[in-house]
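What follows is a set of notes on a single structure, which appears directly below.
Residue numbers (the numbering used here): 133 to 223.
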């Protein structure tokens, strides 16, 4: 998939959709996940419908869904767009 023309809202909506699918797969209601993660029900509903959420609340949800390792792995494998980036990393 080429995400060149994505808006930030496109990315957050995809994340919300994936999280919603995981929540449903684990047979959790929005209220159950909200209570377990200490994220308000309104915040979770808004996230699942719009993709908007604070980073801290997002992390709380990932922790409760058993996804925190995926968050911890973000940006750990460098993606170089130029030889200059490779050179700059070693400085």
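Built from N, CA and C at the ideal position, the CB exists for glycine as well.
Small disclaimer: the values here were computed from a predicted structure and weren't measured.
- Per DSSP, reduced to three states, the secondary structure at residue 198 is coil, with no helix or strand assignment.
- Taking the C-beta atoms as reference points, residue 148 is found nearer than 7 Å to residue 183.
- Separation of residue 139 and residue 185 (C-alpha to C-alpha, rounded to the nearest whole angstrom) is 16 Å.
- Between residue 152 and residue 171, the gap from beta carbon to beta carbon reaches 7 Å or more.
- Scanning its chain for C-beta atoms nearer than 6 Å, with the 5 sequence neighbours on each side dropped, one finds no residue around residue 174.
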